[in-house]
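Residue numbers (the numbering used here), protein chains in the order written: chain L, 9 to 265; chain H, 84 to 501.
Cβ atoms here follow ideal geometry from the backbone N, Cα and C, with glycine treated the same way.
Owing to the predicted nature of the structure, the values given are computational and were not obtained by experimental measurement.
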């Protein structure tokens, strides 16, 4: 193909074919692509199923933060109405989003899975005071959902799976621990099921990445789409593989190399 | 009776100029101007939309249905931008240059026959702003002037990239103009007239009379390539090569002056599509159904349809072809296009005299092309061989063997070869 004198026109053919192909871009602010399951967005402070806050005011997040954007002060729990199940609770919790780089080190450092990140990263405040999120804004509401501030653009799915599940990677990739729940329950949702990722059975409902894969594969050339996507063509290709080779040499498509 | 005027047969208005004639001319000019401006708006939208489609993007979509008003929004934005003139600029020439680019683009469209004849209140006139006897020469003159627009813009900016760009522009446009002129000569030979109206009427009797088939495909191909280079459109847009020259000749321009260049470029694209249709595809010629009162509409539709096809082609070129290197561009123009158009013109001219002259010319051109090919071969050895005066652009500073000797650590043998 490349050596034929008409290969000059391959570019014309390709660009013309593209006219009828689906678009790979989306009209961004109007519609957004589905977020990756562990997208790093705006933080949330989680609560246990009984409504207690998970934060114990240990300041590990503030210590590990490379951008120095977290300010925490702990206080002893009042004995008559404790805020967290532990000895202490986060009395002051502030994140400065002018500094935060969404590296998720705080999420990794947190011993109680109190701080995690939602998938919402599109928020634009118009003054510096709004950039500093206080505890009142970060703590999830009584339904376990992140609070929605007027300058934040929440879309569907961005407030899902924001709890300790965020950290639920199998430790060191050890398959024995796969699917074993090792995170605490959350207000409103309870204990989330584990994600079955490494054994090849993709749980698309849990990861939310199916739409994304579909959107991209639609644009791929037929030869680029991996086999086993269960289209008619793939089944034919699989059948073709099952045909013994001597038969293939006789009737199969001739290799023109 | 002398009020009935045939603008085609009476270009100098020997019968006197009445108010009706003036009104018709004024209306024609205004309509052509308005239509061209509207067409430019649509062309910019069309290009952006089509390019985005070919690149699997969405393209403009916010302003108006399908983003049709995007150009208008861009124009308004440019209108309110600050108009900067660089300190080092030659102020007068800097201000003049955009108009030198725009006005030829506008004027060229005047000679394009858009439709047949129309009779309004006993006045019959051509759907063409002007039909001067020099006709197609006006195209060459105007494209000659528009070189000045580009060249002076780059020179007067007082900045090095625009200057480089303008040097490229003038060299490129002048060298491709030769091939362009040669193909036009072929057409003029076939028609026997310079007037665009005559060129169109000569092709009006069916597809086989269209110059694209009548003269063989070669003049059309040469014309298409040369006019693309003349327009500085991809793949010949070395003048505006963003990767090499920032923005090219209009790097220093902003605001409305930049908009004028932009306008001129797209206006030229439309005009040249129209010229190509006029010269090779019979202009408004085409099948006309016999419906009374609106018969005159169909030639216009034919013309528009054919022009849109070429506008599409230009955009397709941009999507499909990578930009040519500058030296490749020049050698392609001088070594291939000009000899080809010249040879084809001689053959066509021979066949117009009689068959034996035609075959004699064909034989002559064949011999000449063989000689030319041989001379190019000799020239290539002089360019790359041991006798080369200058190193070839893009060549390695040392030969492959020498390089290998150095990189393989055998430095001494490498030096011995020197």
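Could you give the residue range of the beta strand (DSSP E) that holds residue 48 of chain L?
For this step, residue 48 of chain L is matched to residue 40 along the first chain. No beta strand (DSSP E) contains residue 48 of chain L, which DSSP labels as neither H nor E.
Looking only at its chain, what residues have a beta carbon closer than 8 Å to the beta carbon of residue 536 of chain H, apart from the 5 residues adjacent to it on each side?
With chain H running from 84 to 501 in the structure shown, residue 536 of chain H is simply not present.
Listed by chain order, chain H residues near residue 27 of chain L by CB distance under 7 Å:
Counting from one through the first chain, the residue named residue 27 of chain L turns up at place 19. Residues of chain H passing the Cβ test: 136 and 137.
Quick one: residues in its chain with C-beta nearer than 6 Å to the C-beta of residue 228 of chain H, no 5 flanking neighbours on either side, listed in chain order?
The residue labelled residue 228 of chain H in the question sits at position 145 within the second chain. Closer than 6 Å at the Cβ level, and outside the excluded window around residue 228 of chain H, lie 187.
Three-state secondary structure (DSSP) of residue 170 of chain H
Translated into positions along the second chain, residue 170 of chain H becomes position 87. Residue 170 of chain H: coil per DSSP, three-state reduction.
Nearest to residue 67 of chain L by alpha carbon, out of L:82, L:60 and L:107?
On the first chain, residue 67 of chain L is found 59 positions in, with the first residue counted as 1. Cα-wise, what sits closest to residue 67 of chain L is L:82.
Give the C-beta separation of residue 80 of chain L and residue 101 of chain L to the nearest angstrom, bearing in mind that I take them to be a contact with Cβ-Cβ under 8 Å.
By 1-based counting over the first chain, the position of residue 80 of chain L is 72. By 1-based counting over the first chain, the position of residue 101 of chain L is 93. At roughly 6 Å, the Cβ-Cβ gap stays under 8 Å, so residue 80 of chain L and residue 101 of chain L are in contact.
Residue range of the alpha helix (DSSP H) that residue 282 of chain H falls in?
In the second chain, counting from the first residue as 1, residue 282 of chain H sits at position 199. From DSSP, the alpha helix (DSSP H) with residue 282 of chain H extends over 279 to 285.
Kindly give me the distance between the Cβ atoms of residue 148 of chain L and residue 117 of chain L, rounded to whole angstroms, as I take these residues to be in contact under 8 Å.
Within the first chain, residue 148 of chain L is the residue found at index 140, counting from 1. Within the first chain, residue 117 of chain L is the residue found at index 109, counting from 1. In fact, because the Cβ distance is near 19 Å, the residues do not count as touching under 8 Å.
Cβ-based neighbour list, residue 395 of chain H, same chain, cut-off 6 Å, excluding 5 preceding and 5 following
Taking the first residue of the second chain as position 1, residue 395 of chain H is located at position 312. None.
Looking at the secondary structure, which residues open and close the beta strand (DSSP E) in which residue 84 of chain L lies?
Mapped onto the first chain, residue 84 of chain L falls at position 76. 78 to 84 is the extent of the beta strand (DSSP E) around residue 84 of chain L.
Could you tell me which of H:298, H:257 and H:250 sits nearest to residue 270 of chain H, measuring between CA atoms?
Stepping through the second chain from its first residue, residue 270 of chain H is reached at position 187. The shortest Cα separation from residue 270 of chain H among H:298, H:257 and H:250 belongs to H:298.
If you follow the beta strand (DSSP E) that residue 260 of chain H is in, where does it begin and where does it stop?
Along the second chain, read from residue 1 onward, the residue named residue 260 of chain H stands at position 177. Residue 260 of chain H -> not in any beta strand (DSSP E); alpha helix (DSSP H) instead, spanning 243 to 274.
Alpha carbon to alpha carbon, how far is residue 216 of chain H from residue 101 of chain H? Give it in angstroms, no decimals.
Stepping through the second chain from its first residue, residue 101 of chain H is reached at position 18. Stepping through the second chain from its first residue, residue 216 of chain H is reached at position 133. Cα to Cα, the separation comes out at about 22 Å.
Spell out whether any CB of chain H is found under 8 Å from the CB atom of residue 115 of chain L.
In the first chain, counting from the first residue as 1, residue 115 of chain L sits at position 107. Not closer than 8 Å to any Cβ of chain H, the Cβ of residue 115 of chain L fails to qualify, so no.
On the premise that residue 212 of chain H lies in contact with residue 115 of chain H, defined as a C-beta separation below 8 Å, what is that separation, rounded to the nearest angstrom?
Working through the second chain from its first residue, we reach residue 115 of chain H at position 32. Working through the second chain from its first residue, we reach residue 212 of chain H at position 129. Yes, residue 115 of chain H and residue 212 of chain H are in contact; Cβ-Cβ is about 5 Å, under 8 Å.
Comparing alpha-carbon positions, which option in H:399, H:306 and H:295 lies nearest residue 318 of chain H?
Taking the first residue of the second chain as 1, we reach residue 318 of chain H at position 235. The option with the nearest alpha carbon to residue 318 of chain H is H:399.
With which residues is residue 123 of chain L paired in a DSSP beta bridge?
Position 115 of the first chain holds residue 123 of chain L. Residue 123 of chain L pairs with L:53.
If the criterion is Cβ atoms closer than 8 Å, does the pair residue 176 of chain H and residue 353 of chain H meet it?
Translated into positions along the second chain, residue 176 of chain H becomes position 93. Translated into positions along the second chain, residue 353 of chain H becomes position 270. Going by C-beta atoms, residue 176 of chain H is not nearer than 8 Å to residue 353 of chain H.
Contact set between residue 403 of chain H and chain L, taken where Cβ atoms lie within less than 7 Å:
Position 320 of the second chain holds residue 403 of chain H. What residue 403 of chain H touches in chain L: 19, 20 and 23.
In terms of DSSP beta bridges, what is residue 5 of chain L paired with?
Residue 5 of chain L lies beyond the stretch modelled for chain L, which goes from 9 to 265, so this question has no answer here.
Near residue 331 of chain H, what residues of its chain come up, given a Cβ to Cβ distance below 6 Å and the 5 sequence neighbours on each side ignored?
By 1-based counting over the second chain, the position of residue 331 of chain H is 248. So the list reads 248, 322 and 323, once near-sequence residues are dropped.
Proximity test, Cβ basis, 8 Å: residue 140 of chain H and chain L
For the purposes of this step, residue 140 of chain H is taken as residue 57 along the second chain, with counting starting at 1. Chain L contact via Cβ: present.
Can you give me, in chain order, the residues of the stretch 143 to 166 of chain H that have a beta carbon less than 8 Å from any beta carbon in chain L?
144
Is the separation between the beta-carbon of residue 105 of chain L and that of residue 139 of chain L shorter than 8 Å?
Start at 1 with the first residue of the first chain, and residue 105 of chain L comes out as number 97. Start at 1 with the first residue of the first chain, and residue 139 of chain L comes out as number 131. In this structure, residue 139 of chain L lies closer than 8 Å to residue 105 of chain L by Cβ.
Comparing the C-beta of residue 120 of chain L with each C-beta of chain H, is any distance below 8 Å?
Translated into positions along the first chain, residue 120 of chain L becomes position 112. Chain H, which has no Cβ nearer than 8 Å to the Cβ of residue 120 of chain L, makes this no.
Endpoints, the beta strand (DSSP E) within which residue 99 of chain L is located:
Here residue 99 of chain L refers to the residue found at position 91 when the first chain is read from its first residue. Counting along the chain, the beta strand (DSSP E) containing residue 99 of chain L begins and ends at 96 to 104.
Below 8 Å on the Cβ atoms is my guess for residue 266 of chain H versus residue 306 of chain H; work out the distance and round it to an integer in Å.
The count along the second chain starts at 1 and reaches residue 266 of chain H at position 183. The count along the second chain starts at 1 and reaches residue 306 of chain H at position 223. 4 Å between Cβ atoms; contact.
If contact means a Cβ-Cβ distance below 8 Å, which residues of the stretch 383 to 404 of chain H contact chain L?
399, 402, 403 and 404
What residues in its chain sit with their C-beta under 7 Å from that of residue 156 of chain H, if we drop five residues either side in the sequence?
Here residue 156 of chain H is taken as the residue at index 73 of the second chain, counted from 1. So the list reads 146, once near-sequence residues are dropped.
Can you pull the chain H residues whose beta carbon is under 7 Å from the beta carbon of residue 31 of chain L, in chain order?
As a first step, residue 31 of chain L must be located in the first chain, where it is residue number 23. Under the 7 Å cutoff, chain H gives 139, 140 and 141.
Look up residue 336 of chain H in the DSSP assignment and say whether it is helix, strand or coil.
Position 253 of the second chain, counting from 1, holds the residue named residue 336 of chain H. Residue state, collapsed to three classes: coil.
For residue 201 of chain H, the residue or residues it bridges with in DSSP:
What you label residue 201 of chain H is simply residue 118 of the second chain in a count that begins at 1. Residue 201 of chain H pairs with H:208.
Using beta carbons (cut-off 8 Å, strictly below), is residue 15 of chain L in contact with chain H?
As a first step, residue 15 of chain L must be located in the first chain, where it is residue number 7. Chain H, which has no Cβ nearer than 8 Å to the Cβ of residue 15 of chain L, makes this no.
Quick check on residue 89 of chain H: does DSSP put it in helix, strand or coil?
Working through the second chain from its first residue, we reach residue 89 of chain H at position 6. Confidence is the limiting factor: at residue 89 of chain H the pLDDT is only 45, short of 50, which leaves the residue's position unreliable, though a coordinate-based value still follows. Reduced to three states, the DSSP call for residue 89 of chain H is coil.
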